[in-house]
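Peer 1:
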Amino acid sequence: MRRAPIVVALALAACATEAPCHHTLEHVELYWGTVDGPAELAAIVRDPAEPLDVRAAAARSLVTLDRDHDVQALLVDSVREASEPAIERAIAQRVTEALHEDPNVNGDPERVQVTAKDHAVALAPHVGADVRAQLGEAVLAWHVRDVARRRDLGRAGIREAFAVFGDDRSRLLDALGPRRGPTDLGAAAELLADGPLRARAAARLLETETALRGESFETWLRERLREGAYLRGLRDLPPARLEAAVELNRRNFLEGVLFGMRLFCAERAVADRLMAIGAEDPDDQLRTRALVALEGCAAARHVDALIALGFDANVPVSVRDYAFDRLAEIDDPRITERLWRELPTAADGPLGWRLRWRLGSLLLSRVDASAVPRFFAALSEHGEYASVELNDYAERLADLGDAATRALRDALSSDRWFVRVIALLALPVSEGSALRDDGAPLNGPHWGDWQTVGDVARRDATD
């Protein structure tokens, strides 16, 4: 490759004895590997005196070049100046070829493809409509074939491609199919969520979720896993291992769908399906994922199902936890009524004070200061009260204004130690001085060096 400049120089010297002197296809090939090749090739493209086939070949060579020179600027400027349809068609043909070639050509993964794609996006505003359409088809098809990995590769990502070639995202709907990987599916969903195809994409996700649970997908997945095992030298994959792999991969695919559905949960059908999965799916992990995906979209029609999940001791903790998260987003009196009813005995179950804390915090986020005495009365006299629970109650009560402050001052004289502690933590330290000698023990975890109510009253104001 180091001899190329000498060869080119000799060729041009020989050309100097003849008039006129034109470059040949051989010159184009030789220039391609030189340091100054991009500039020389661009000069050929823009020179109307050069043979048209040579100019087109020079343009084709620039399509996949990416050197220290700003090849893209050279290519764009030369094509714009040349304004020759044959050159534009040659570029479109080379881009199409490059985007279908082996991405590992010359041991440099995807360099040729990414370079060709970037040059095509830059050229789009400067070529005719037919050529622009051909470039757009090649570039967008290349993105969609591996959308999760390719959408942001190079200088111009898929959004930039949509901007110059037309925002036709319908081709992305194919990436929502059941046989696309979960990462591709999630990436396509993100790109479709804010566009005019939102409703169609939501419907496609629901169809895909159904298909992933069907026999056809299971058969296809099983065959792919067998093929993969065979290529790794495992010719006789044990049936139990194969079936475990099928279920694991199916779950991964379904999690990809749930990630996509999260972006469309404002669509009623999607929200209702997420609620159904959270309530009924046999896979607890998918139930949890579904309730996570429902964030911001839970509605009054979901209240009964969410209450049933949250208060069912047989439901996994993670599912119950996210059921309460979704209930916190809904303004419905049924929720408040159920919380009042459950709070007194909430700590009696296997979750103990943790469930009571969850209910108490949720309740305080839904009431005003007039409910403070009722809240204190609803707290059970029995069992443990952790530091984190009472601190949380105190913070929430302190935010309820002057009316709550008056109720908190009254609570300093309560005959129940945990109510006095809540009041101490919610009020300024100076207002609890009368309790500095209160010897009632703190019954619960995470109190650290504090052993009594008096320790809380004597705390430093910065604690």
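The sequence shown runs contiguously to residue 445 in this note's numbering.
Cβ atoms here follow ideal geometry from the backbone N, Cα and C, with glycine treated the same way.
Can you find the residues in the same chain that come closer than 8 Å, C-beta to C-beta, to Q433, ignoring five residues on each side of it along the sequence?
Peer 2: P423, L424.
Peer 1: By a C-beta neighbour count over all protein chains shown, 10 Å radius and 16 as the cutoff for buried, is Y367 buried or exposed?
Peer 2: So Y367 counts as buried.
Peer 1: Please state whether the Cβ-Cβ distance between L7 and L23 is less than 8 Å.
Peer 2: No, these two residues do not count as a Cβ contact at 8 Å.
Peer 1: Give the range of the alpha helix (DSSP H) segment to which H101 is assigned.
Peer 2: Looking at the DSSP string, the run of the alpha helix (DSSP H) that includes H101 is 93 to 105.
Peer 1: Per DSSP, what are the beta-bridge partners of P423 in this structure?
Peer 2: DSSP lists T434 as partners of P423.
Peer 1: Quick check on this structure: which residue in A111, D112, H108, E119 has the alpha carbon closest to the alpha carbon of K99?
Peer 2: For the residues A111, D112, H108, E119, the minimum Cα distance to K99 belongs to E119.
Peer 1: If I measure Cβ to Cβ from A280 and keep anything under 8 Å in the same chain, skipping five residues before and after, which residues do I get?
Peer 2: Excluding residues within five positions, the ones whose Cβ falls inside 8 Å are A253, M257, L288, R308, L309, E311, I312.
Peer 1: Have a look at L341 and L321 and give me their C-alpha separation to the nearest angstrom.
Peer 2: Roughly 6 Å between the two C-alpha positions.
Peer 1: Less than 7 Å separating the Cβ of A120 from some heavy atom of the ligand MN?
Peer 2: The model on display carries no ligand, and the ligand MN is accordingly not part of it.
Peer 1: CB I73 to CB A39, shorter than 8 Å?
Peer 2: Not closer than 8 Å, so no.
Peer 1: Return the residue from the list E371, E363, V354, A360 that minimises the CA-CA distance to R391.
Peer 2: It is V354.
Peer 1: Buried or exposed: where does T192 fall if 16 or more other Cβ atoms within 10 Å of its Cβ makes it buried?
Peer 2: Exposed.
Peer 1: Can you tell me where the alpha helix (DSSP H) with T387 in it begins and where it stops?
Peer 2: Where T387 is concerned, the enclosing alpha helix (DSSP H) stretches over 384 to 393.
Peer 1: Taking just the CA atoms, how far does G292 sit from R441?
Peer 2: Their backbone Cα atoms lie some 36 Å apart in a straight line.
Peer 1: Less than 8 Å between C-beta atoms, sequence neighbours within five positions excluded: which residues of the same chain meet that for L81?
Peer 2: Excluding positions up to five away in sequence, the list reads Q95, A98, K99, A120, V121, A123, W124.
Peer 1: When burial is assigned at 16 or more other CB atoms within 10 Å of the CB, is Y212 buried or exposed?
Peer 2: Label assigned to Y212: exposed.
Peer 1: With H, G and I counted as helix, E and B as strand and the rest as coil, what does DSSP make of G238?
Peer 2: Reduced to three states, the DSSP call for G238 is helix.
Peer 1: Using 8 Å as the threshold, is the C-beta distance between G242 and L158 below it?
Peer 2: Yes, the pair counts as a contact, with Cβ atoms nearer than the cut-off.
Peer 1: Consult DSSP for N231 and reduce its assignment to one of helix, strand or coil.
Peer 2: N231: helix per DSSP, three-state reduction.
Peer 1: Could you tell me the distance, in whole angstroms, from the CA atom of L333 to the CA atom of R127?
Peer 2: Cα to Cα, the separation comes out at about 48 Å.
Peer 1: Does the distance from the CB of L451 to the CB of A439 come in under 8 Å?
Peer 2: Residue 451 falls outside the range modelled here, since the chain spans only -17 to 445, and no answer is possible.
Peer 1: Measure the alpha-carbon distance for C247 versus L276 and round it to whole angstroms.
Peer 2: Each residue's alpha carbon lies about 6 Å from the other.
Peer 1: Using a 10 Å radius around the Cβ and a threshold of 16 neighbouring Cβ atoms, would you call H284 buried or exposed?
Peer 2: Looking at its Cβ environment, which holds 16 or more other Cβ atoms inside 10 Å, H284 is buried.
Peer 1: Could you check whether the segment 133 to 147 touches the segment 102 to 116, counting it as contact only if at least three pairs of C-beta atoms, one from each stretch, sit closer than 8 Å?
Peer 2: These segments touch.
Peer 1: Let me know if T327 comes out buried or exposed under the rule of 16 or more other beta-carbons within 10 Å of its beta-carbon.
Peer 2: Classification of T327: exposed, given that the 10 Å Cβ count is below 16.
Peer 1: Applying the criterion that 16 or more other CB atoms from any shown protein chain within 10 Å of the CB defines a buried residue, is G19 buried or exposed?
Peer 2: Under this definition G19 is a buried residue.
Peer 1: Going by C-alpha to C-alpha distance, which of T16, Q54, L12 sits closest to V479?
Peer 2: In the structure as shown, the chain starts at -17 and stops at 445, and residue 479 therefore has no counterpart that could be examined.
Peer 1: Measure the C-alpha to C-alpha separation of A295 and R208 and round it to an integer number of angstroms.
Peer 2: Cα to Cα, the separation comes out at about 41 Å.
Peer 1: Over the uninterrupted alpha helix (DSSP H) stretch that includes F246, give me the two end residues.
Peer 2: Segment: none, F246 is in no alpha helix (DSSP H) and carries neither H nor E.
Peer 1: Would L135 and R151 qualify as a contact pair, given that the criterion is a beta-carbon distance under 8 Å?
Peer 2: In this structure, R151 does not lie closer than 8 Å to L135 by Cβ.
Peer 1: Does DSSP put T165 in a helix, in a strand, or in coil?
Peer 2: Of the three classes helix, strand and coil, the one that applies to T165 here is helix, per DSSP.
Peer 1: Taking the alpha helix (DSSP H) that G196 falls in, what are its first and last residues?
Peer 2: Careful: G196 lies outside any alpha helix (DSSP H) and carries neither H nor E.
Peer 1: Which first and last residues belong to the alpha helix (DSSP H) in which N373 is found?
Peer 2: Where N373 is concerned, the enclosing alpha helix (DSSP H) stretches over 369 to 380.
Peer 1: Determine, using beta carbons only, whether F306 and L344 come nearer to each other than 8 Å.
Peer 2: Cβ distance < 8 Å, so F306 and L344 count as in contact.
Peer 1: Let me know the alpha helix (DSSP H) ranges lying completely inside the segment 291 to 341, each 4 residues or longer, listed in chain order.
Peer 2: 299 to 310, 315 to 324, all fully within the segment 291 to 341.
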